[in-house]
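To start, the structure itself, in structure tokens.
Numbering (the working numbering), first residue to last: 31 to 285.
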């Protein structure tokens, strides 16, 4: 398995453009997407528990997307390699694509890629403001294949400027763009045909995790079972597994 991991390294190589990592902070993330052009009627919110109904009840619904933030563990990498081994590289593009998937080619930008997956898919797209940088980015990305789409993000000055502004707003000490960061972001979204998708720029493409009912959102019991709880269960069953997880959802603003 170690040989497979070395041979199939999904991380962006040194020498590529690197961003200062975003703080795992819903206010910072909201500032970024609002600057890009998402309506302020949607914002990111901390999810403090997916097992306590009382804590979940504080989150405005419906939830449009869910970000899972976790350290990349050995057990996760083993699972990723095994699941991706038989998959072809994704080649989807165009208006008929069920979800817009972005391959990560910027170092330390997994938070940004996760956020873009959240706002580019499902009902979140209805909240993109006309004439904004985000509307142009999604419109330009839609007809492109994954490599060309990644190049679009890599070369976007509007995206880089918004990211730099947001990265400077965190409450913790700002790391250097060239630092090695072990935290990774995966985004879960629901498409217009009610499929739950796992979106990860380190994978070979988007992953269809199953069908939800129309009334079930990203924080429904079924979506949680098919999505983040699979990560937590896998780590809990592994000796020395990594159980440091956090969750942030994109949902209606509280203001």
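Beta carbons are placed, not taken as given, at the ideal position from N, Cα and C, and that holds for glycine.
- For residue 47, there is no enclosing alpha helix (DSSP H), as DSSP marks it with neither H nor E.
- Under the criterion of beta carbons closer than 8 Å, residue 66 and residue 58 do not qualify as touching, at roughly 13 Å.
- Counting every other CB atom within 10 Å of its CB across the protein chains shown gives residue 82 a total below 16, marking it as exposed.
- Under the DSSP assignment, residue 219 falls in the beta strand (DSSP E) whose first and last residues are 213 to 220.
- Within the same chain, 132, 133 and 135 come within 7 Å of residue 180 by CB-CB distance, once the 5 residues on both sides are set aside.
- The secondary-structure analysis by DSSP pairs residue 191 with nothing; it has no beta-bridge partner.
- Using a Cβ distance threshold of 8 Å, residue 80 and residue 242 do not count as a contacting pair.
- Ranked by Cα distance from residue 154, the first of 170, 109 and 70 is 70.
- Bridge partners of residue 278 according to DSSP: 76 and 97.
- Inter-segment contact for the segment 116 to 125 and the segment 143 to 161 is absent: fewer than three beta-carbon pairs are separated by less than 8 Å.
- Within a 10 Å sphere around the beta-carbon of residue 74 sit 16 or more other beta-carbons, which makes this residue buried.
- Between residue 109 and the set 229, 265, 285 and 48, the nearest pair of CA atoms involves 265.
- Take the alpha-carbon of residue 99 and the one of residue 216: they are about 7 Å apart.
- If you look at residue 240, you'll find it in the beta strand (DSSP E) that goes 237 to 241.
- Contact check between the segment 136 to 152 and the segment 221 to 233: three or more CB pairs, one atom from each, fall below 8 Å, which counts as touching.
- A check of alpha carbon separations from residue 130 across 78, 162, 87 and 183 identifies 183 as the nearest.
- The Cβ-Cβ distance between residue 280 and residue 139 does not fall below 8 Å.
- DSSP places residue 174 outside both helix and strand once states are collapsed to three, so it counts as coil.
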